[in-house]
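If you read the protein sequences in the order shown, they are chains A and B.
Position 45, counted from 1, in the first sequence is what this note's numbering calls 45; the numbers after and before it change by one each time, with no gaps.
Numbers given in this note's numbering equal positions in the second sequence, counted from 1, plus 151.
One structure is given here, and the rest of the page talks about it.
2 protein chains.
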Amino acid sequence: MSNKMNFNTPTSTVLYSIEETIKAYRKLSQHNISNVVPNITVDQALILIIIEREDKTQSEIADLVFKDYASMTRIVQLMINKNYLLKNIDDTDKRRTNIKITKYGKEIIEKLDPIIKKNREMALKTLSDKELEQLFKILNKITQNCKIIQQ
Amino acid sequence: MSNKMNFNTPTSTVLYSIEETIKAYRKLSQHNISNVVPNITVDQALILIIIEREDKTQSEIADLVFKDYASMTRIVQLMINKNYLLKNIDDTDKRRTNIKITKYGKEIIEKLDPIIKKNREMALKTLSDKELEQLFKILNKITQNCKIIQQ
DNA sequence: AGATATTATTTGATATATCAAACATTATTA
DNA sequence: TAATAATGTTTGATATATCAAATAATATCT
C-alpha cells in the first residue's frame, strides 16, 4: 500500500470498503456455520447466542443486534418455526413478548459456539492486538459521526 | 476506552461492530440522499455513480459493488423502470448485457455527487488521515483472511 | 460438425432491511 | 373517568441477499 492513498473515487469510500469486509466475513461465517448446523443463517446464529446471555424482550434484543423491530418479528417467527425459540406474552405488560430458548435451541448453541470462535479467529488472525483496538476505536468514531443527526 | 478490552462476548466481535458502523452509515446516507433524490436507494445511488465511471457489463459492475449477479439483475431492472439506466445485448457476445446511463440518470448523478461527498465527510470528520489509512489497511487484512477458503 | 463444457444472465424460493400504517395495550392528561 | 398519547409488536409493500436451477449463447474438444 502506498503512502498516499486516493480516497476520492466511489470505490475507495469507507462504505465501500466496510461493505466488502462485512460481506467477506459473512460469507466465511455462513460457510463454516453451515458445516455444523445446516439451515441456520448467520443472523439467526448471532441472535440465538445473544438471547442466551440476555433475558430480554423482543425489541430489546432487536436493539442489541441492530435489527429493525419488523425484521425481528419475522426472524423470531422463523426461529420459532425451527423450534429454536419460544415466545410468550409478558404477564405484567401484555404488549411485550419474552423470548426463550428451547432445549433444542441450546443444543444448537453448543454446536455453534466453537464455530463462532473459529470464525473470529480466522478473520482476525493477522491482526495485532493494537490493530484490533484501533479498528474498534475508529469504527466507533464513524458510528458516532453518523448518529449525530439521528436519535 | 480502557487499555484492556474484552473481545470475547458476542456483542464485541468485529462482525458485530462493523455491522453497527455500516448500518449507521447507511442510515445517514439514505437520509441525506432522500433529501435530494426521493425514491433512490443507497445501493442504486452507488451503482449509478460507478456505472458512470466504468463502461462495463452487468456482471463486471456487480463484481465492483460486491453484488450477487441475481441481485444485480433485479436492481438493474428497477433502475431501468425508473429510467436511470438502459440495457442492451452486446453485439459481439449475445450473452452479455451492456448498461448505459440515460440523460435523466446523468441529471440524477449531478444531484447525488455532492451528497455522496458530504456523507463521506460527515462520517469521517473526526478521523485523522492516519486513522483512515489504518482503517483501510485493517479492513483489507480482514477481507483477505476471510477469502482464504473461498475463491 | 456435433457433443460437451463454460459463461452471462435470469428466475424461483426464502431470508432480511426498511418504511409506513395498523393494532392492542398501557400511560397520561384534561 | 373518558379522551388522548405513548409503547411494543405486527403486517404490508418493496428492495436487497443468497443459493440453486434454468436458459441461452459461446467455446472447446473429439
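Cβ coordinates follow ideal geometry from the N, Cα and C atoms, glycine included.
Note that the structure is predicted; figures quoted are calculated from it, not measured.
Simplified DSSP state of residue i, which is helix, strand or coil
i        : result
B:Lys245 : coil
A:Lys100 : strand
B:Lys218 : coil
A:Ser2   : In this prediction, A:Ser2 has a pLDDT of 41, which is less than 50 and means its spatial position is unreliable; what the coordinates show is noted afterwards. The answer is coil: DSSP assigns A:Ser2 none of H, G, I, E or B.
B:Thr224 : helix
A:Lys82  : coil
A:Ile40  : coil
A:Lys106 : helix
A:Gln150 : At A:Gln150, the pLDDT of 48 sits below 50, so the modelled position is not reliable; the number obtained from the coordinates is stated separately. The answer is coil: DSSP assigns A:Gln150 none of H, G, I, E or B.
B:Lys269 : helix
B:Lys276 : coil
Rounded straight-line distance, which links the Cα of residue j to that of residue i
i        : j        : result
B:Asp214 : B:Lys238 : 17 angstroms
B:Thr224 : B:Ile240 : 13 angstroms
A:Ile99  : A:Arg53  : 12 angstroms
A:Val126 : B:Lys245 : According to the sequence shown, residue 126 of chain A is Thr rather than Val. Between A:Thr126 and B:Lys245, the C-alpha separation is close to 44 angstroms.
A:Gly105 : A:Tyr84  : 4 angstroms
B:Arg247 : A:Asp91  : 60 angstroms
A:Tyr69  : A:Asp55  : 17 angstroms
A:Ile115 : B:Leu275 : 34 angstroms
B:Leu286 : B:Ser279 : 11 angstroms
A:Gln77  : A:Gln58  : 11 angstroms
A:Ser34  : A:Ile40  : 7 angstroms
A:Ile101 : A:Ile51  : 7 angstroms
B:Leu263 : B:Lys233 : 16 angstroms
B:Ile212 : B:Tyr167 : 28 angstroms
B:Lys268 : B:Ile200 : 12 angstroms
B:Glu261 : A:Glu110 : 53 angstroms
A:Asn32  : B:Met273 : 36 angstroms
A:Lys67  : B:Ser180 : 18 angstroms
A:Asn140 : B:Lys254 : 40 angstroms
A:Ser71  : B:Glu170 : 15 angstroms
Rounded Cβ spacing between residue i and residue j (contact assumed at less than 8 angstroms)
i        : j        : result
B:Ala175 : A:Cys146 : 4 angstroms
B:Thr172 : A:Ile142 : 5 angstroms
B:Ile289 : A:Glu131 : 5 angstroms
B:Thr164 : A:Arg120 : 5 angstroms
A:Ile80  : A:Asp43  : Incorrect: roughly 15 angstroms between the Cβ atoms, too far for contact.
Where residue i meets chain B, residues with beta-carbon distance less than 9 angstroms
i        : result
A:Glu20  : Phe217, Leu290, Asn291, Thr294
A:Val36  : Those within 9 angstroms of A:Val36 in chain B number zero; the least Cβ separation is about 15 angstroms.
A:Glu131 : Gln285, Lys288, Ile289, Lys292
Contacts of residue i in chain A (Cβ-Cβ under 9 angstroms)
i        : result
B:Ala175 : Phe66, Ile142, Thr143, Gln144, Asn145, Cys146, Lys147, Gln150
B:Asn210 : Asn is not the amino acid found at residue 210 of chain B; the sequence shown has Ser there. What B:Ser210 touches in chain A: nothing, since even the nearest Cβ is about 16 angstroms away.
Contacts of residue i in chain B (Cβ-Cβ under 8 angstroms)
i       : result
A:Val76 : Those within 8 angstroms of A:Val76 in chain B number zero; the least Cβ separation is about 17 angstroms.
A:Ser17 : Leu286, Phe287, Leu290, Asn291
Residue i - containing beta strand (DSSP E), residue span
i       : result
A:Lys87 : 85 to 89
Start and end residues, alpha helix (DSSP H) containing residue i
i        : result
B:Ser185 : 165 to 187
B:Leu283 : 280 to 298
A:Glu54  : From DSSP, A:Glu54 is part of no alpha helix (DSSP H); its letter is neither H nor E.
Interface residues of chain A facing residue i [CB-CB closer than 8 angstroms]
i        : result
B:Thr277 : Lys141, Gln144, Asn145
Residues that residue i contacts on chain B, provided the C-beta gap is smaller than 7 angstroms
i       : result
A:Thr13 : Arg271
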